[in-house]
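Peer 1: Shown below is the structure under consideration.
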Amino acid sequence: IKRNKPCLLAYHARRLDKLRALRWETAGSSSTPMKFVLSEAETNFFHEYDKLASRHAIGSMGGGLDWNADQNPPKENFIQVRVVQSGLGKIETESCGVVELEVGSMHYLHWSDVKHLVRQGALVQLGGEESF
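For the sequence shown, our numbering assigns the number 984 to the initial residue and increments by one for each residue that follows.
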(Lines of atoms letter the chains of each structure in order from A and count residues from 1; the text may use other names and numbers.)
(Lines give C-alpha, C1' and ligand atoms only; values in the text may rest on other atoms or scores of the structure.)
Protein backbone atom coordinates (compact mmCIF):
# COMPACT_ATOMS: atom_id res chain seq x y z
CA ILE A 1 0.00 0.00 0.00
CA LYS A 2 2.85 2.39 0.82
CA ARG A 3 4.25 1.90 -2.69
CA ASN A 4 0.90 2.37 -4.48
CA LYS A 5 -0.29 5.44 -2.59
CA PRO A 6 2.26 7.90 -4.08
CA CYS A 7 1.57 6.51 -7.57
CA LEU A 8 -2.17 6.98 -7.17
CA LEU A 9 -1.74 10.49 -5.77
CA ALA A 10 0.53 11.42 -8.69
CA TYR A 11 -2.01 10.00 -11.15
CA HIS A 12 -4.83 11.95 -9.51
CA ALA A 13 -2.78 15.19 -9.48
CA ARG A 14 -1.94 14.73 -13.17
CA ARG A 15 -5.63 14.32 -14.10
CA LEU A 16 -6.54 17.46 -12.14
CA ASP A 17 -3.75 19.38 -13.90
CA LYS A 18 -5.17 18.22 -17.24
CA LEU A 19 -8.65 19.40 -16.21
CA ARG A 20 -7.28 22.82 -15.22
CA ALA A 21 -5.48 23.13 -18.56
CA LEU A 22 -8.62 22.00 -20.41
CA ARG A 23 -10.64 24.74 -18.72
CA TRP A 24 -8.30 27.43 -20.09
CA GLU A 25 -8.13 25.84 -23.56
CA THR A 26 -11.90 25.63 -23.91
CA ALA A 27 -12.75 28.77 -21.93
CA GLY A 28 -15.00 26.68 -19.68
CA SER A 29 -17.16 25.01 -22.30
CA SER A 30 -17.01 21.28 -21.59
CA SER A 31 -17.79 18.99 -24.48
CA THR A 32 -20.15 16.03 -24.26
CA PRO A 33 -17.53 13.35 -25.16
CA MET A 34 -15.35 14.61 -22.30
CA LYS A 35 -18.12 13.83 -19.80
CA PHE A 36 -17.98 10.13 -20.65
CA VAL A 37 -14.32 9.76 -19.65
CA LEU A 38 -14.53 11.71 -16.38
CA SER A 39 -15.75 10.48 -13.06
CA GLU A 40 -18.50 12.37 -11.28
CA ALA A 41 -15.94 13.88 -8.88
CA GLU A 42 -13.79 15.06 -11.80
CA THR A 43 -16.80 16.60 -13.54
CA ASN A 44 -17.72 18.42 -10.32
CA PHE A 45 -14.11 19.61 -9.95
CA PHE A 46 -14.15 20.94 -13.54
CA HIS A 47 -17.39 22.86 -13.00
CA GLU A 48 -16.30 24.28 -9.63
CA TYR A 49 -12.90 25.29 -11.05
CA ASP A 50 -14.67 26.94 -14.00
CA LYS A 51 -16.92 28.91 -11.61
CA LEU A 52 -13.92 30.02 -9.58
CA ALA A 53 -11.90 31.03 -12.65
CA SER A 54 -14.88 32.86 -14.19
CA ARG A 55 -15.59 34.73 -10.97
CA HIS A 56 -11.93 35.73 -10.69
CA ALA A 57 -11.86 36.90 -14.32
CA ILE A 58 -15.05 38.95 -13.90
CA GLY A 59 -13.72 40.50 -10.70
CA SER A 60 -10.59 41.71 -12.47
CA MET A 61 -12.33 43.04 -15.60
CA GLY A 62 -11.65 46.57 -14.43
CA GLY A 63 -7.96 45.91 -15.08
CA GLY A 64 -8.67 45.11 -18.73
CA LEU A 65 -7.06 41.67 -18.59
CA ASP A 66 -8.70 38.91 -20.63
CA TRP A 67 -7.99 35.66 -18.75
CA ASN A 68 -9.15 33.53 -21.66
CA ALA A 69 -6.87 35.20 -24.19
CA ASP A 70 -4.15 33.16 -25.80
CA GLN A 71 -0.93 33.03 -23.86
CA ASN A 72 1.03 32.82 -27.10
CA PRO A 73 0.24 35.11 -30.04
CA PRO A 74 -1.03 33.40 -33.19
CA LYS A 75 1.55 32.71 -35.90
CA GLU A 76 -0.79 34.13 -38.51
CA ASN A 77 -3.58 36.67 -38.23
CA PHE A 78 -5.81 34.85 -40.73
CA ILE A 79 -6.50 31.12 -40.51
CA GLN A 80 -8.31 28.58 -42.66
CA VAL A 81 -11.18 26.84 -40.91
CA ARG A 82 -13.78 24.21 -41.75
CA VAL A 83 -17.23 24.22 -40.16
CA VAL A 84 -17.97 20.91 -38.39
CA GLN A 85 -21.00 21.85 -36.26
CA SER A 86 -24.42 22.57 -37.68
CA GLY A 87 -26.68 25.41 -36.63
CA LEU A 88 -24.09 28.18 -36.43
CA GLY A 89 -25.80 30.34 -39.06
CA LYS A 90 -24.28 33.72 -39.85
CA ILE A 91 -21.65 35.54 -37.83
CA GLU A 92 -20.51 39.10 -38.24
CA THR A 93 -16.78 39.53 -38.27
CA GLU A 94 -14.75 42.71 -37.88
CA SER A 95 -12.61 42.07 -40.92
CA CYS A 96 -14.81 40.13 -43.38
CA GLY A 97 -18.35 41.31 -42.69
CA VAL A 98 -21.11 38.69 -42.45
CA VAL A 99 -20.06 35.07 -43.01
CA GLU A 100 -22.45 32.12 -43.45
CA LEU A 101 -21.18 29.08 -41.53
CA GLU A 102 -22.59 25.90 -43.08
CA VAL A 103 -21.34 22.42 -42.21
CA GLY A 104 -18.44 21.42 -44.45
CA SER A 105 -17.74 24.93 -45.73
CA MET A 106 -14.23 26.35 -45.49
CA HIS A 107 -13.33 29.95 -44.76
CA TYR A 108 -10.23 32.13 -44.45
CA LEU A 109 -10.97 34.35 -41.45
CA HIS A 110 -9.21 36.52 -38.90
CA TRP A 111 -8.19 34.49 -35.84
CA SER A 112 -9.76 36.89 -33.34
CA ASP A 113 -13.16 36.58 -35.06
CA VAL A 114 -13.39 32.79 -34.77
CA LYS A 115 -11.08 31.71 -31.94
CA HIS A 116 -14.01 31.08 -29.59
CA LEU A 117 -15.65 28.80 -32.17
CA VAL A 118 -12.40 26.90 -32.70
CA ARG A 119 -12.04 26.41 -28.94
CA GLN A 120 -15.62 25.14 -28.70
CA GLY A 121 -14.99 22.65 -31.50
CA ALA A 122 -17.52 24.17 -33.90
CA LEU A 123 -14.71 25.03 -36.35
CA VAL A 124 -11.54 23.09 -37.10
CA GLN A 125 -8.38 24.95 -38.04
CA LEU A 126 -6.94 23.65 -41.30
CA GLY A 127 -3.34 23.51 -42.27
CA GLY A 128 -1.19 22.02 -44.99
CA GLU A 129 -2.92 19.60 -47.35
CA GLU A 130 -6.43 20.11 -45.94
CA SER A 131 -6.55 23.74 -47.06
CA PHE A 132 -8.27 25.13 -50.14
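The C-beta atom is built at its ideal place from N, Cα and C for all residues, glycine as well.
1. Which value, in whole angstroms, describes the spacing of the CA atoms of V1066 and L991?
2. Check each candidate in N987, Y1032, M1089 and I984 and name the one with the smallest Cα separation from R1006.
3. Please report the straight-line C-alpha distance between F1019 and E1025, rounded to a whole angstrom.
4. To which residues does DSSP link Q1068 through a beta bridge?
5. Under 8 angstroms by Cβ, that's how I've got L1109 and V1097 pegged, so tell me the actual separation to the nearest angstrom.
6. Which of helix, strand or coil does DSSP assign to L981?
7. What number of angstroms, rounded off, separates the C-alpha of K1073 from the C-alpha of N1060?
8. Hey, Q1068 and M1089 are a contact pair by Cβ (cut 8 angstroms); roughly how many whole angstroms apart?
9. Quick one: residues in its chain with C-beta nearer than 6 angstroms to the C-beta of V1101, no 5 flanking neighbours on either side, listed in chain order?
Peer 2: Answer, in terms of the structure:
1. Residue mapping note: residue 1066 aligns to position 83 of the sequence shown, counting from 1. Residue mapping note: residue 991 aligns to position 8 of the sequence shown, counting from 1. Rounded to whole angstroms, the gap between the alpha carbons of V1066 and L991 is 40 angstroms.
2. Within the sequence shown, numbered from 1, the residue matching residue 1006 stands at position 23. Among N987, Y1032, M1089 and I984, the Cα nearest to that of R1006 belongs to Y1032.
3. Within the sequence shown, residue 1019 is the residue found at index 36, counting from 1. Within the sequence shown, residue 1025 is the residue found at index 42, counting from 1. Taking the straight line joining both Cα atoms gives about 11 angstroms.
4. Start at 1 with the first residue of the sequence shown, and residue 1068 comes out as number 85. DSSP lists no beta-bridge partner residue for Q1068.
5. Within the sequence shown, residue 1109 is the residue found at index 126, counting from 1. Within the sequence shown, residue 1097 is the residue found at index 114, counting from 1. The beta-carbon distance between L1109 and V1097, rounded to whole angstroms, is 12 angstroms. This is too long to meet the 8 angstroms contact definition.
6. Since the displayed the chain opens at 984 and closes at 1115, residue 981 lies outside it and no answer follows.
7. On the sequence shown, residue 1073 is found 90 positions in, with the first residue counted as 1. On the sequence shown, residue 1060 is found 77 positions in, with the first residue counted as 1. Across the structure, K1073 and N1060 are spaced so that their CA atoms are roughly 21 angstroms apart.
8. Taking the first residue of the sequence shown as 1, we reach residue 1068 at position 85. Taking the first residue of the sequence shown as 1, we reach residue 1089 at position 106. Not really, about 14 angstroms apart at Cβ, beyond 8 angstroms.
9. Working through the sequence shown from its first residue, we reach residue 1101 at position 118. The answer, listed in chain order, is Q1108.
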